[in-house]
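For reference, the structure discussed in these notes is given below.
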Amino acid sequence: MRSRTLALVTLALLVALAGLPVGNAPAEARPPPEAVCGVCGEAFEEAGDAAGVPLTVESSTLRVRVNDDGVGTWTARVELDDDSAATFRENPEQLDRVVRGTFDDYRVFTDDRRRLETRMDGDTAVVTFEVPEMASRGYGDVLVVDYFHDDGVRGTVYVDADRFVVTGPEGSSLLTAPAETRTNGTAAVWSAADEGAASIGSQTYLTFGPDAGLATTAAAYASLAADSGPGVLTNLAWVAVVPTLVLIVGVLLVRQFDRRFDDERGARRFGPPVAALGVMWGLCLLVVQAFSGSAAAVAWLLALQLVALGVVSAARPEALGCQVEIHVNRFFSEPKGWD
2 MRSRTLALVT
12 LALLVALAGL
22 PVGNAPAEAR
32 PPPEAVCGVC
42 GEAFEEAGDA
52 AGVPLTVESS
62 TLRVRVNDDG
72 VGTWTARVEL
82 DDDSAATFRE
92 NPEQLDRVVR
102 GTFDDYRVFT
112 DDRRRLETRM
122 DGDTAVVTFE
132 VPEMASRGYG
142 DVLVVDYFHD
152 DGVRGTVYVD
162 ADRFVVTGPE
172 GSSLLTAPAE
182 TRTNGTAAVW
192 SAADEGAASI
202 GSQTYLTFGP
212 DAGLATTAAA
222 YASLAADSGP
232 GVLTNLAWVA
242 VVPTLVLIVG
252 VLLVRQFDRR
262 FDDERGARRF
272 GPPVAALGVM
282 WGLCLLVVQA
292 FSGSAAAVAW
302 LLALQLVALG
312 VVSAARPEAL
322 GCQVEIHVNR
332 FFSEPKGWD
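With my numbering applied, the sequence shown corresponds to residues 2 to 340, in that order.
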């Protein structure tokens, strides 16, 4: 009895420890949301009020052109109400102060802006700046824009402009883009009014190429696989390989400490703790999901497998002994059966 208890306690600890890092989420709350533009909406209006220039954003568009060298040129065009537009035309320095105050005092996605310039074009405030290293070269002269991609945990990046448009180098074709965006062959478009495209996902990649031919498109997908491969393998290890190994180790521990596993009473006693482990695993996933916003489906599958294993063990112990023997022996190529 003590050996069985020790095995089950060890299995419980292993499952609990393996469940905590699922989804690669640190034990901290998700960061606050960030605006992709900053000067295209409410933050700009609040910064204007703080500077003594009440303003209203009538409409706004943010365009990003990613050049061959990976540097992105960001251009925000913000149509203002008549009074604030007149104020900024008469005092361009005031516009520059309000824009810089917006970027300094509010949460904006870009934090590596260079060559910031501001000007008025009629009633429209025009803000331009550059962001380096937005993209890198992939296979077949494909440009991979990974600036919006983040394998860690970040806050929501919401679209505060009416339209957010990303294009590649002049004459290039858009090859891949997130499913929620609208595309026209050369650009990916997000819109604050479109519920499905009102934010930019942390797994966002864009690829551009000299043409949209089959070979170039294949090179784009190969480039994405090469860029995202390490992160995918890391997540796969946490949510699939590690839990599976933990389960195998746990079963082998039970086998080691209880040589009479084929006894129905022993199997029935084994069932409820295993089902409880499945519930524990599910609770761990709920905690992880609360912090990271997601948990892999395969991890939930393992929780269901644990519960099912426990239920079968308690209800039909004779079937459990046979199946565990078959699968474990097959996995380890051991001809020896259960003792």
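Cβ coordinates follow ideal geometry from the N, Cα and C atoms, glycine included.
Cα separation between residue i and residue j?
| i | j | result |
| --- | --- | --- |
| Ala136 | Pro32 | 24 Å |
| Val100 | Glu131 | 15 Å |
| Ala86 | Gly210 | 39 Å |
| Gly49 | Arg98 | 9 Å |
| Thr168 | Asp195 | 19 Å |
| Ala226 | Thr76 | 30 Å |
| Gln204 | Val146 | 11 Å |
| Ala199 | Trp191 | 7 Å |
| Asn92 | Phe110 | 28 Å |
| His150 | Val158 | 11 Å |
| Thr57 | Arg155 | 30 Å |
| Thr129 | Ala219 | 34 Å |
| Gly123 | Asp105 | 26 Å |
| Glu47 | Leu215 | 48 Å |
| Ile201 | Asp83 | 32 Å |
| Glu134 | Phe89 | 32 Å |
| Asp112 | Glu118 | 15 Å |
| Asp228 | Pro170 | 20 Å |
| Arg114 | Glu35 | 15 Å |
| Glu181 | Ala193 | 12 Å |
| Val127 | Met121 | 6 Å |
| Ala213 | Arg138 | 16 Å |
| Gly197 | Ala51 | 33 Å |
| Val65 | Thr187 | 12 Å |
| Arg116 | Cys38 | 16 Å |
| Gly53 | Thr125 | 19 Å |
| Phe45 | Glu94 | 15 Å |
| Asp69 | Ala162 | 25 Å |
| Tyr1 | Tyr222 | Outside the displayed range of the chain (2 to 340) lies residue 1, so it cannot be described from this structure. |
Give the C-beta separation of residue i and residue j to the nearest angstrom, bearing in mind that I take them to be a contact with Cβ-Cβ under 8 Å.
| i | j | result |
| --- | --- | --- |
| Thr208 | Val143 | 5 Å |
| Ser224 | Tyr140 | 5 Å |
| Thr103 | Val40 | 5 Å |
| Phe165 | Leu63 | 5 Å |
| Val67 | Gly73 | 5 Å |
| Leu175 | Ala189 | 6 Å |
| Arg61 | Gly42 | According to the sequence provided, residue 61 is Ser. The question's Arg does not apply to it. Right, the Cβ-Cβ distance comes to about 7 Å (below 8 Å), so this counts as a contact. |
Which of the three DSSP states, helix, strand or coil, is assigned to residue i?
| i | result |
| --- | --- |
| Phe165 | strand |
| Ala178 | coil |
| Gly197 | helix |
| Leu56 | coil |
| Thr217 | helix |
| Thr235 | Here the model assigns Thr235 a pLDDT of 48, short of 50, so the residue's position is not dependable and the matter cannot be decided. |
| Tyr148 | coil |
| Ala26 | Below a pLDDT of 50, predicted positions are generally treated as unreliable, and Ala26, at 41, falls in that range; no measurement from the model is reported. |
Run the proximity test for residue i: is its beta-carbon closer than 8 Å to any non-hydrogen atom belonging to the ligand ATP?
| i | result |
| --- | --- |
| Ala226 | The model on display carries no ligand, and the ligand ATP is accordingly not part of it. |
Could you give the first and the last residue of the continuous alpha helix (DSSP H) run that contains residue i?
| i | result |
| --- | --- |
| Gly49 | 43 to 51 |
At what residues does the beta strand (DSSP E) containing residue i begin and finish?
| i | result |
| --- | --- |
| Thr157 | Thr157 -> no beta strand (DSSP E), and no H or E assigned at all. |
| Thr208 | 207 to 210 |
| Val190 | 188 to 191 |
_Whole runs of the alpha helix (DSSP H) within the stretch 60 to 144, excluding any shorter than 4 residues_ = 83 to 91, 93 to 106
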